[in-house]
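Take -18 as the starting number for the sequence shown in the numbering used here and just add one per residue. Note that CB positions come from ideal geometry on N, CA and C, so glycine has one too. Keep in mind it's a predicted model, so treat the numbers as computed, not measured. Let me begin by presenting the structure, written as structure tokens, before commenting on it.
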Amino acid sequence: MSSSSISAKIKIIKGDITRQTTDAIVNAANESLLGGGGVDGAIHRAAGSQLIEECKTLGGCPTGEARITKAYNLPCKYVIHTGGPIWRGGNHGESRLLASCYRNSLELAVENAIKSISFPSISTGVYGFPFEKACLISLGEIQAFLTNHSNLEMVYLVCFSEQDLETCQDLFDRELV
Ligand code: ADP
């Protein structure tokens, strides 16, 4: 597939991940999968308590891996939970692990016949991963994945602030088009 048809399948938007109506949304979870703050807390609040009950049956999710659940009261069909790396200065495999989060989430999506998926900016909140660096990793992984998987139709990167949206869109325009 050409790079312009790949970039047409990636959309950067500003919004709340819990409102996305794509087949799946991704949760920036922690290894326990038992809930947390930020995106994780918002997803669990909007999904209802059945989500935590299903998460309890999964036995956690090591950093960089991904697990899928139903979405309960959310408007999407599935939630893909991935354990993002905590930023510890950059020399502890953080970039490789963040790339794995995106790749494994996308793999799980395709295995479950998901056609559209929304990602938050994993690890860039409480986990402290520098936003620009994280954005370059997510864009790179998503682009590489779409090049090899034509059945995934749309990937949304959902930015929470205007500033994040501008930064991410700018990197996308410079790196991918
Ligand atoms: P992490 O622990 O992986 O850093 P956070 O939830 O603290 O996860 O933050 C990850 C990113 O998600 C941050 O950029 C934050 O601004 C953003 N964020 C927080 N709440 C939401 C939401 N409801 N929808 C989309 N993005 C959100």
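### Task
Using alpha carbons as the reference points, say which of 40, 41, 8, 13 lies closest to residue 25.
8
### Message
So, at 6 Å on beta carbons, what are the nonlocal neighbours of residue 95 in its own chain, with the 5 sequence-adjacent residues on each side left out?
### Response
4, 5
### Message
Using only the alpha-carbon positions, how far apart do residue 19 and residue 150 sit?
### Response
22 Å
### Task
Go to residue 140, then tell me how far its beta strand (DSSP E) extends in each direction, as first and last residue.
135 to 140 is the extent of the beta strand (DSSP E) around residue 140.
### Query
Within 7 Å: the Cβ of residue 20 and any heavy atom of the ligand ADP?
Yes, the beta carbon of residue 20 sits closer than 7 Å to at least one heavy atom of the ligand ADP.
#### Entry: Collapsed DSSP secondary structure at residue 44 in the structure displayed
coil
### Secondary structure of residue 62, DSSP reduced to three states
Strand at residue 62.
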